[in-house]
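Undergrad: Residue numbers (my numbering), protein chains in the order written: chain A, 1 to 268; chain B, 269 to 536; chain C, 537 to 804; chain D, 805 to 1072.
Protein chains: 4
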Amino acid sequence: DVHTRPRVFSVWERYRHRQAHWFVECIAETMGVFFYVYAGVGSTAGFVIGNLSNESISSVLQIGFAYAFGILFALITCGSTSGGHFNPAVTICQVIFRGFPIKKACRYIVFQILGAFLAGLLVYVQWRVNIRATEAVLHTEGKWDAVMFTPQGLAGIFALYAPAGSNLGQVLLNEFVCDFLIGLVIWSCMDPTNFLVPPSAGPWIVSFSYAMCIWGYSPVGLSTNTARDLGTRLAVMAIWGTPAAGGSYAAIAALTNIPATILAACFH
Amino acid sequence: DVHTRPRVFSVWERYRHRQAHWFVECIAETMGVFFYVYAGVGSTAGFVIGNLSNESISSVLQIGFAYAFGILFALITCGSTSGGHFNPAVTICQVIFRGFPIKKACRYIVFQILGAFLAGLLVYVQWRVNIRATEAVLHTEGKWDAVMFTPQGLAGIFALYAPAGSNLGQVLLNEFVCDFLIGLVIWSCMDPTNFLVPPSAGPWIVSFSYAMCIWGYSPVGLSTNTARDLGTRLAVMAIWGTPAAGGSYAAIAALTNIPATILAACFH
Amino acid sequence: DVHTRPRVFSVWERYRHRQAHWFVECIAETMGVFFYVYAGVGSTAGFVIGNLSNESISSVLQIGFAYAFGILFALITCGSTSGGHFNPAVTICQVIFRGFPIKKACRYIVFQILGAFLAGLLVYVQWRVNIRATEAVLHTEGKWDAVMFTPQGLAGIFALYAPAGSNLGQVLLNEFVCDFLIGLVIWSCMDPTNFLVPPSAGPWIVSFSYAMCIWGYSPVGLSTNTARDLGTRLAVMAIWGTPAAGGSYAAIAALTNIPATILAACFH
Amino acid sequence: DVHTRPRVFSVWERYRHRQAHWFVECIAETMGVFFYVYAGVGSTAGFVIGNLSNESISSVLQIGFAYAFGILFALITCGSTSGGHFNPAVTICQVIFRGFPIKKACRYIVFQILGAFLAGLLVYVQWRVNIRATEAVLHTEGKWDAVMFTPQGLAGIFALYAPAGSNLGQVLLNEFVCDFLIGLVIWSCMDPTNFLVPPSAGPWIVSFSYAMCIWGYSPVGLSTNTARDLGTRLAVMAIWGTPAAGGSYAAIAALTNIPATILAACFH
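1) Start and end of the alpha helix (DSSP H) containing W663(C)?
2) Can you tell me where the alpha helix (DSSP H) with T768(C) in it begins and where it stops?
3) Determine the contact status of A625(C) and A747(C), defining contact as a CB-CB distance below 8 Å.
4) So for V989(D), helix, strand or coil by DSSP?
5) Can you look up V465(B) in the DSSP assignment and give me helix, strand or coil?
6) So, I607(C) versus S702(C), is the Cβ gap smaller than 8 Å?
7) Closer than 7 Å by beta-carbon distance: list the chain A residues that pair up with P1021(D), in chain order.
8) Applying the 10 Å Cβ sphere with the 16-neighbour rule, what's the burial state of P192(A)?
9) By a C-beta neighbour count over all protein chains shown, 10 Å radius and 16 as the cutoff for buried, is L717(C) buried or exposed?
10) In chain order, what residues of the same chain lie with their CB nearer than 6 Å to the CB of V537(B), ignoring the 5 residues before and after it?
11) Using a C-beta to C-beta distance shorter than 8 Å, which residues of chain D count as neighbours of G274(A)?
12) Measure the CB-CB distance between V864(D) and I1056(D) and report whether it falls below 8 Å.
13) Please tell me whether L720(C) has its Cβ less than 8 Å away from any Cβ of chain D.
14) Which residues in the same chain have their Cβ closer than 6 Å to the Cβ of V504(B), if we skip the five residues on either side of it in sequence?
15) Sorted by chain position, which residues of the same chain lie with C-beta nearer than 8 Å to I331(B)'s C-beta, five sequence neighbours on each side aside?
16) Which same chain residues, not among the five before or five after T226(A), have their C-beta less than 7 Å away from its C-beta?
17) Let me know the secondary structure DSSP gives H943(D) once reduced to three states.
18) I'd like the span of the alpha helix (DSSP H) that includes Y1014(D), first residue to last.
19) Around the C-beta of D145(A), are 16 or more other C-beta atoms found within 10 angstroms, so that it is buried, or is it exposed?
20) Is the segment 656-664 of chain C in contact with the segment 637-645 of chain C, if contact means three or more CB pairs nearer than 8 Å?
21) Evaluate I370(B) with the Cβ neighbour count: other Cβ atoms within 10 Å of its Cβ, from every protein chain shown; 16 or more gives buried, anything less gives exposed.
22) Please look up how many angstroms separate the CB atoms of A342(B) and F368(B), rounded, as I've assumed it's under 8 Å.
23) Strictly under 8 Å for the Cβ-Cβ distance: is N130(A) near chain D by that measure?
24) List the residues of chain C whose Cβ lies closer than 8 Å to the Cβ of H937(D), in chain order.
25) For V1001(D) versus I76(A), is the C-beta distance shorter than 8 Å?
26) For P739(C), count neighbouring Cβ atoms within 10 angstroms of its own Cβ and tell me buried if that reaches 16, exposed if not.
27) Excluding the five sequence neighbours on either side, which residues of its own chain have a C-beta within less than 7 Å of the C-beta of I649(C), listed in chain order?
28) Between R769(C) and G777(C), how many whole angstroms is the CB-CB distance? I'm expecting something under 8 Å.
29) Shorter than 8 Å from the beta carbon of L449(B) to some beta carbon of chain C?
30) Report buried or exposed for L436(B), applying the criterion of at least 16 other Cβ atoms within 10 angstroms of its Cβ.
31) Establish whether the CB of L674(C) and some CB of chain D are separated by less than 8 Å.
32) Tell whether a beta-carbon distance below 8 Å holds between A264(A) and W187(A).
33) Return helix, strand or coil for S326(B), following the three-state DSSP convention.
34) Which residues of chain B have a Cβ atom closer than 8 Å to the Cβ of M190(A), listed in chain order?
35) With distances taken from CA atoms, which of L490(B), S348(B) and L320(B) is nearest K411(B)?
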């Protein structure tokens, strides 16, 4: 005869099942963030090292394209599993406007930052020979202290630093306007009534909104994404220690995009 | 019992309702123009400042891509609200060929110029540290007067100036041919019988027609859009005063695209 | 009572009607060739003049993109009117494989060459100030005779010249392989059973096949299209006289693409 | 009366028929690999020769675009005939996960390598004048031995060499991560349940996944494809002899992508 299992077992099983699903979703968020950070930071590495060693390896144009296609691949490969946030600001907007559960949102954000952190470390390891060689040149030229933790320095490959002479108001504004415009494009592409954007075109358009901002505004300092900025900043601190943290600019760069994206969602 | 409201109230209400709708449409036109001017002028800022300081930040190729995607985002985000003119010449063509109301057209044009003006000011503020630094270098090198209000100078980021040695006939022709070709592409993409251009591809193709003209003909002086040119020229005059106006070339650059677009519409 | 018109009238009318239709088709071919020659040669002008004056205006990458989008616009705006040949080799293939009338083909080819000729002249006029200034510099440096009619010289903007040291076999091979691959892409995109290429994607893919060949093989001398080459060569001879003709290399460049395209059609 | 043919005849006929079909499929694989190797290596030739002679002909950005469109054309023209592997790693995955016959897989791989070999030889012949001229300069400057068989040398156009100072672990990791990500994109695009990727968009997205890896990671040494690497390495050895083989790095570059692609298929 059939005798029922103690209730605790099925609770446990259901919990584990939910856990597994959560875990797959979180891995998808991690992979997605990993994808575009890996794509973009790789080209940035070429740009910074190329400039420091007078070689032409990369360009702002190339960095923009690399991020754009990285975001496209993130949306294509992982978007359908996790919903394709890949950005704490988008996750927070989903909590506010579409009732996304807060607990899940927190997990998403942690795993997004993890993805950026892992990508940052991997890019460092893959470019290590070139980074070390360039660092050695900076040391012998006595420029290491002045250049290292600036947008043109090697740590600037991974994390954003305040450009020389910039004030925080300007940095805040730069960040805010770009993130607002990106947010506007994202919400327009997610709008199912927008007949100019079929589902298959949305990821392309969202991706290139980042490229556009990188082309025009990365030279004056741009972060656009808390996960990307915080994750790679942790990676860079793991490599070069606390001087790589970047001060109050770091906090602004890491957080401005959140209210900007929320405002764009409201405006739309 | 129901007693009817005085007629004046409902007239007023209807008027206000129409006003609000007009206002939303005008904001959409402003946002659209803002989008592509912001995108394009940001990359132009990088190009001009990079050339003056011997850094490689941007390129004509990048400026073309930036404008193209800016126009794409304008059409995607604001096109369905306002009809997606974003260009006084297109608005005037709609008046002539499709019975668009003249009063509304005037509002559209004013708000288009406003969008370009706001974008110009914002780009200035976001790039101010770099612009000021480059201006200081020009002053110390004694080049400020000679370079500032030329296509290679800092004011050339925002407004178009006559290239050295060019005559107005050539500028007129350059402007006219490019605008005619862009107009031809626009009318082809808006033609619903054109099976090579599904609705979702139209914005992409129109956007890249601007990029093509920028790549080939911006080095000899190109405006393509009265709103863009007049709006950013006003912005640049608000920043550097009347010497930034640019003389008779300004008038030609600002207005040539209108007859060219009309002619393209006829030709099509 | 109705009395029938003399037969000669209706024959004449039908003839005129056919004429008008032919004329519209031929104008479409002219416009199409004009479009991509204008797009591509404009960027080439920036590249050649930029290299001669040590400015960074254009690049091989940009020339490739410019031609690609020029071809796209040609197909979009004029393709549905005339069938979108824009290339004598394609017209000849249509005669051989799809029974396109020979008389009509001859007209098409003449009007294709006319389009390239007009585009070449217009580009010259629009860039004239810069071309004249660069010519003056070449004269004062005594380099005019050595550089002018080479791929790096000002005439090289419009027509193709044999690169220094190249032999005709190599040029022939370069031309042939590129044109064969472009032809293969064209016939694949025109194949209605190819489910990877919907009608709206075909023009994009064909366009970028030219870009790919320009990126990889234009530095060693590439023409790809008899109309483009012959038309702009006539333009350049109208400007600088017979030394601009370019010798036996000219004949090869102008004609190799025809057998290559035919072979690609067979292969497919 | 009908008398039956000896059985040997029909066996032979069926064999020949199968042979012919196999042969067409194998030619399609050869052509496909030829397409993207020809596209990419041509732009690489411009980049390497341009750098050695201080001319700006190509860039890492351009090489990425060239490979991307080369892969797109391969998929468009030959994909429907042979299944569009063009990569031994994809063929091996098809054997493991989708029951692709092993014998056929071996033929595919041989013909893939043949395609890359032919493309390598053709690129050499088409660029020979420029390659010889650059080699002569390297000889007179006494740099030939030091530069020739490095990523910056002329043999580096065709085959991959270990960058100076790199260790094999780093090269292995670089190769593995890139190939894993490309594999992930390929399997996502082949997944028919992925509504973000219609069949016509798949080839574009797969193509640009290679571009992204080239932009970010080719400066530290990237092969991504056994056929491409082995085929062009054989071509380069046919040209410059055994010193062009490249040692243990060659083996790693040529084979790492296979387990990486398999792992990506598992992960997906």
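Heads up, the beta-carbon is just placed ideally off N, CA and C, and yes, glycines get one too.
TA: According to the structure shown:
1) By one-based count along the third sequence, residue 663(C) stands at place 127. Segment: none, W663(C) is in no alpha helix (DSSP H) and carries neither H nor E.
2) Residue 768(C) sits at position 232 when you count from the first residue of the third sequence. T768(C) -> alpha helix (DSSP H) spans T762 to W776.
3) Translated into the one-based positions of the third sequence, residue 625(C) becomes position 89. Translated into the one-based positions of the third sequence, residue 747(C) becomes position 211. Taking 8 Å as the cut-off, the Cβ atoms of A625(C) and A747(C) do not count as close.
4) Here residue 989(D) refers to the residue found at position 185 when the fourth sequence is read from its first residue. Looking at V989(D) - three-state DSSP - the assignment turns out to be helix.
5) The residue you call residue 465(B) lines up with position 197 of the second sequence. V465(B): coil per DSSP, three-state reduction.
6) Taking the third sequence and counting its residues from 1, one reaches residue 607(C) at position 71. Taking the third sequence and counting its residues from 1, one reaches residue 702(C) at position 166. It is not a contact, given that the beta carbons lie outside the stated cut-off.
7) For the purposes of this step, residue 1021(D) is taken as the residue at position 217 of the fourth sequence. Looking at the sequence provided, one finds Tyr at residue 1021(D) rather than Pro. Around Y1021(D), the beta-carbon contacts reaching into chain A at under 7 Å are G42 and Q126.
8) Residue numbering aside, residue 192(A) sits at position 192 when the first sequence is read from its first letter. So P192(A) ends up on the exposed side.
9) By one-based count along the third sequence, residue 717(C) stands at place 181. Result: buried.
10) The requested residue 537(B) is not part of the displayed model; chain B covers only 269 to 536.
11) With chain A covering 1 to 268 only, the question about residue 274(A) has no answer from this structure.
12) Within the fourth sequence, the letter at position 60 stands for residue 864(D). Within the fourth sequence, the letter at position 252 stands for residue 1056(D). It is not a contact, given that the beta carbons lie outside the stated cut-off.
13) Residue mapping note: residue 720(C) aligns to position 184 of the third sequence, counting from 1. Yes, because at least one Cβ of chain D sits closer than 8 Å to the Cβ of L720(C).
14) Locating residue 504(B) in the second sequence gives position 236, counting from the first residue. Correct list, in chain order: A423, F426, A427 and A512.
15) Residue mapping note: residue 331(B) aligns to position 63 of the second sequence, counting from 1. The residues are G308, S311, T312, F315, I482 and S486.
16) What you label residue 226(A) is simply residue 226 of the first sequence in a count that begins at 1. Correct list, in chain order: P88, A89, A254, L255, N257 and I258.
17) Start at 1 with the first residue of the fourth sequence, and residue 943(D) comes out as number 139. Residue state, collapsed to three classes: helix.
18) Here residue 1014(D) refers to the residue found at position 210 of the fourth sequence. Element bounds for Y1014(D): G1006 to Y1021.
19) Within the first sequence, residue 145(A) is the residue found at index 145, counting from 1. Exposed, by the Cβ-count rule.
20) Verdict: no, contact absent.
21) Here residue 370(B) corresponds to residue number 102 of the second sequence, with the count starting at 1. The residue is exposed, with fewer than 16 neighbouring Cβ atoms inside 10 Å.
22) Within the second sequence, the letter at position 74 stands for residue 342(B). Within the second sequence, the letter at position 100 stands for residue 368(B). Contact flag wrong, Cβ pair sits at about 18 Å.
23) Here residue 130(A) refers to the residue found at position 130 when the first sequence is read from its first residue. Yes, its Cβ sits closer than 8 Å to a Cβ of chain D.
24) Reading the fourth sequence from its first residue, position 133 is the one you call residue 937(D). For the record, residue 937(D) in the displayed sequence is Ala; it is not His. Chain C residues near A937(D): G701.
25) The sequence position of residue 1001(D) within the fourth sequence is 197, counting from 1. The sequence position of residue 76(A) within the first sequence is 76, counting from 1. In contact: V1001(D) and I76(A) (Cβ atoms closer than 8 Å).
26) In the third sequence, the residue the question calls residue 739(C) occupies position 203. So P739(C) counts as buried.
27) To locate residue 649(C), count along the third sequence from 1; it is residue 113. Here the set comprises A763, L766 and G767.
28) Stepping through the third sequence from its first residue, residue 769(C) is reached at position 233. Stepping through the third sequence from its first residue, residue 777(C) is reached at position 241. That pair is no contact at about 12 Å.
29) To locate residue 449(B), count along the second sequence from 1; it is residue 181. L449(B) counts as touching chain C.
30) By 1-based counting over the second sequence, the position of residue 436(B) is 168. Here L436(B) is exposed. Its C-beta has fewer than 16 other C-beta atoms within 10 Å.
31) Within the third sequence, residue 674(C) is the residue found at index 138, counting from 1. Interface with chain D (8 Å Cβ-Cβ cutoff): L674(C) is excluded.
32) For the purposes of this step, residue 264(A) is taken as residue 264 along the first sequence, with counting starting at 1. For the purposes of this step, residue 187(A) is taken as residue 187 along the first sequence, with counting starting at 1. Yes, these two residues count as a Cβ contact at 8 Å.
33) Counted from its first residue, the second sequence places residue 326(B) at position 58. Here S326(B) sits in coil by DSSP.
34) Start at 1 with the first residue of the first sequence, and residue 190(A) comes out as number 190. Those within 8 Å of M190(A) in chain B number zero; the least Cβ separation is about 11 Å.
35) Within the second sequence, numbered from 1, the residue matching residue 411(B) stands at position 143. The option with the nearest alpha carbon to K411(B) is L320(B).
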